[in-house]
Amino acid sequence: MYKSFRAAIQHNQDELARQALVQRDQHLRAVEIVRRSLEEVEAQAVALREGISHLESQIAMAKLEQERNT
-17 MYKSFRAAIQ HNQDELARQA LVQRDQHLRA VEIVRRSLEE VEAQAVALRE GISHLESQIA
43 MAKLEQERNT
């Protein structure tokens, strides 16, 4: 992308250079959207792991309680 921008500038093709910059900006925005989505998914995965761990602890405690009562 940057190469096409530089080539357009060197050949006085302003419209092509503008298009290259627009595409670059679009790609940078897309990258940022994907980055934010990834961060959200990672946070959800952490929350799910913590939830699973909590449930496993509750199951273990329930089993101990059941063993005591039998």
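Using this note's numbering, the letters of the sequence shown correspond one by one to residues -17 to 52.
C-beta atoms are modelled at their ideal positions from N, C-alpha and C, and glycine is treated no differently.
- Here DSSP, grouped into helix, strand and coil, assigns Q5 to helix.
- The alpha-carbon separation between A2 and E22 amounts to approximately 30 angstroms.
- Rounded to whole angstroms, the separation of the alpha carbons of E49 and A42 is 11 angstroms.
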